[in-house]
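Asker: My structure is below; once you've seen it, I'll send some questions.
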């Protein structure tokens, strides 16, 4: 899901011409990112069997690995545009899948989940338009959406833990509407900032 | 709940703490960041985006803390 394509970083802006070093996609940070997928089968198993605490544990591990991959990338100095994109795509798949699973098993209200996924996909589509407008591979950075992605991870935990589920899900939707609206204007209308040369 | 890693009471407090502490810290961190950068040049789109992000972070912090208080039956 693209909501989460949010943790993306505009590498061209944040790491301007730092070096021409090529980073292999097979690096420790991407391995940590990929390992997040391993939490999904046990998560589904736990939800299917009604194991609330185990499901919470697996989604917590998934969220912690998301924080760990950035740290590993810094430690091993293996940050790359591919890594940023892979991280964002993994966020989208893991959290989108998690939301669908909890909604499918009746642990979360279906209408807000459908709205969140729809808005996430719309946000993703606009990111592709932004890349086309820019004429080069560039990621769109949204400080607000980064915060919302963390909230998305928590949403799944609220569902598995039975914690004020309706309140947190319905509170999320207007926030996401505002952010997607703001980001849409930036991506489709506002001028694209020039990448720094040095 | 069929799985019992923690007792139901401990699990409830665990959820409250990992949500409430993060939401509270987030609220203060983004509030502080917003105050710290209030004089920055808002004609710069990056500054505007950061300010918008801080405001959203504050809103999420409030929602998180309020949700925890509801969960614990305080409000």
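Protein chains in written order, with the working numbering: chain E, 43 to 240; chain F, 5 to 79. Just so you know, even glycine gets a beta-carbon here, dropped at the ideal spot from N, CA and C. Please read these numbers as outputs of a predicted model, since none were measured by experiment.
Span of the alpha helix (DSSP H) holding residue 119 of chain E?
Answerer: By 1-based counting over the first chain, the position of residue 119 of chain E is 77. Careful: residue 119 of chain E lies outside any alpha helix (DSSP H) and carries neither H nor E.
Asker: If the cut is a Cβ gap below 9 Å, which residues of chain E does residue 41 of chain F touch?
Answerer: Here residue 41 of chain F refers to the residue found at position 37 when the second chain is read from its first residue. What residue 41 of chain F touches in chain E: nothing, since even the nearest Cβ is about 11 Å away.
Asker: Going straight from the alpha carbon of residue 69 of chain E to that of residue 103 of chain E, what length do you get?
Answerer: Position 27 of the first chain holds residue 69 of chain E. Position 61 of the first chain holds residue 103 of chain E. Each residue's Cα considered, the two are about 20 Å apart.
Asker: Between the stretch 202 to 229 of chain E and chain F, which residues of the former have CB atoms less than 7 Å from a CB of the latter, in chain order?
Answerer: Those would be 203, 205, 206, 209, 210, 213, 217, 221 and 224, in chain order.
Asker: Which residues of the stretch 169 to 189 of chain E have a Cβ closer than 9 Å to any Cβ of chain F? Give them in chain order.
Answerer: Residues 183, 184, 185, 186, 187, 188 and 189.
Asker: Less than 7 Å between the CB of residue 134 of chain E and some heavy atom of the ligand GTP, yes or no?
Answerer: The ligand content of the structure shown is nil, which means the ligand GTP is not present either.
Asker: Between residue 108 of chain E and chain F, is any beta-carbon pair separated by less than 8 Å?
Answerer: Along the first chain, one-based indexing puts residue 108 of chain E at 66. Cβ-Cβ to chain F under 8 Å: no for residue 108 of chain E.
Asker: With a cut-off of 8 Å, does the C-beta of residue 77 of chain F fall near any C-beta of chain E?
Answerer: Along the second chain, one-based indexing puts residue 77 of chain F at 73. By this cut-off, residue 77 of chain F is not an interface position.
Asker: Under the assumption that residue 61 of chain F contacts residue 189 of chain E (Cβ atoms under 8 Å), give the Cβ distance between them as a whole number of angstroms.
Answerer: Reading the second chain from its first residue, position 57 is the one you call residue 61 of chain F. Reading the first chain from its first residue, position 147 is the one you call residue 189 of chain E. Sure, about 5 Å apart at Cβ, within 8 Å.
Asker: List the residues of chain F whose Cβ lies closer than 7 Å to the Cβ of residue 193 of chain E, in chain order.
Answerer: Within the first chain, residue 193 of chain E is the residue found at index 151, counting from 1. Neighbours of residue 193 of chain E on chain F, chain order: 64.
Asker: Take residue 193 of chain E as the anchor and find which of F:38, F:22, F:17 and F:41 has the nearest alpha-carbon.
Answerer: Translated into the one-based positions of the first chain, residue 193 of chain E becomes position 151. The shortest Cα separation from residue 193 of chain E among F:38, F:22, F:17 and F:41 belongs to F:22.
Asker: In this structure, how does DSSP classify residue 165 of chain E when only helix, strand and coil are distinguished?
Answerer: Numbered from 1 along the first chain, position 123 holds the residue referred to as residue 165 of chain E. Three-state result, residue 165 of chain E: helix.
Asker: For residue 73 of chain E, tell me which candidate among E:93, E:216, E:124 and E:175 has the shortest Cα-Cα distance.
Answerer: Position 31 of the first chain, counted from the first residue, corresponds to residue 73 of chain E. Considering only alpha carbons, the answer is E:124.
Asker: Residue 196 of chain E versus chain F: which residues are under 7 Å apart at the beta carbon?
Answerer: In the first chain, counting from the first residue as 1, residue 196 of chain E sits at position 154. Chain F residues near residue 196 of chain E: 23.
Asker: DSSP three-state label for residue 79 of chain F, please.
Answerer: Here residue 79 of chain F is taken as the residue at index 75 of the second chain, counted from 1. The answer is coil: DSSP assigns residue 79 of chain F none of H, G, I, E or B.
Asker: Could you give the residue range of the alpha helix (DSSP H) that holds residue 77 of chain E?
Answerer: Indexing the first chain from 1 puts residue 77 of chain E at position 35. From DSSP, the alpha helix (DSSP H) with residue 77 of chain E extends over 70 to 77.
Asker: Indicate whether at least one CB of chain E lies closer than 8 Å to the CB of residue 57 of chain F.
Answerer: As a first step, residue 57 of chain F must be located in the second chain, where it is residue number 53. By this cut-off, residue 57 of chain F is an interface position.
Asker: So is residue 50 of chain E in contact with chain F if we call contact Cβ pairs under 8 Å?
Answerer: As a first step, residue 50 of chain E is located in the first chain; it is residue number 8 there, counting from the start. Residue confidence for residue 50 of chain E is low, a pLDDT of 41 falling below 50, so the modelled location carries little weight and cannot support an answer.
Asker: Kindly say whether residue 36 of chain F, judged by its beta-carbon, lies nearer than 8 Å to any beta-carbon of chain E.
Answerer: On the second chain, residue 36 of chain F is found 32 positions in, with the first residue counted as 1. Not an interface residue.
Asker: For my contact list, residue 203 of chain E and residue 94 of chain E are in at a C-beta cut-off of 8 Å; report their separation, rounded to the angstrom.
Answerer: One-based indexing of the first chain puts residue 203 of chain E at position 161. One-based indexing of the first chain puts residue 94 of chain E at position 52. That pair is a contact at about 6 Å.
Asker: Only counting the same chain, and skipping five residues up and downstream in sequence, which positions put a Cβ closer than 6 Å to that of residue 157 of chain E?
Answerer: In the first chain, residue 157 of chain E corresponds to position 115, counting from 1. Once the five neighbours on either side are set aside, the close Cβ partners of residue 157 of chain E are 215.
Asker: Taking only the alpha-carbon atoms, compute the straight-line gap between residue 43 of chain F and residue 231 of chain E and give it to the nearest angstrom.
Answerer: On the second chain, position 39 is the one that residue 43 of chain F refers to. On the first chain, position 189 is the one that residue 231 of chain E refers to. Each residue's alpha carbon lies about 26 Å from the other.
Asker: Does residue 83 of chain E get closer than 8 Å to chain F when you measure Cβ to Cβ?
Answerer: Looking up residue 83 of chain E in the first chain gives position 41. So, not an interface residue.
Asker: If residue 187 of chain E sits next to residue 225 of chain E, beta carbons under 8 Å apart, how far is it from one beta carbon to the other, in whole angstroms?
Answerer: To locate residue 187 of chain E, count along the first chain from 1; it is residue 145. To locate residue 225 of chain E, count along the first chain from 1; it is residue 183. Between residue 225 of chain E and residue 187 of chain E the Cβ distance is about 6 Å, and since that is below 8 Å, they are a contact.
Asker: When you compare the CB positions of residue 137 of chain E and residue 198 of chain E, do they come within less than 8 Å of one another, or not?
Answerer: The residue you call residue 137 of chain E lines up with position 95 of the first chain. The residue you call residue 198 of chain E lines up with position 156 of the first chain. Yes, the Cβ-Cβ distance between residue 137 of chain E and residue 198 of chain E is below 8 Å.
Asker: Can you grab the Cα-Cα spacing for the pair residue 15 of chain F / residue 109 of chain E, in whole Å?
Answerer: Here the question's residue 15 of chain F lines up with position 11 in the second chain. Here the question's residue 109 of chain E lines up with position 67 in the first chain. Their backbone Cα atoms lie some 23 Å apart in a straight line.
Asker: Please list the terminal residues of the continuous alpha helix (DSSP H) segment that includes residue 148 of chain E.
Answerer: The count along the first chain starts at 1 and reaches residue 148 of chain E at position 106. Residue 148 of chain E -> no alpha helix (DSSP H), and no H or E assigned at all.
Asker: Which same chain residues, not among the five before or five after residue 144 of chain E, have their C-beta less than 7 Å away from its C-beta?
Answerer: Against the first chain, residue 144 of chain E aligns to sequence position 102. Counting only Cβ-Cβ distances below 7 Å, and skipping sequence neighbours, we find 89, 150, 198, 201 and 202.
Asker: Let me know the secondary structure DSSP gives residue 93 of chain E once reduced to three states.
Answerer: As a working mapping, residue 93 of chain E is identified with position 51 in the first chain. Of the three classes helix, strand and coil, the one that applies to residue 93 of chain E here is coil, per DSSP.
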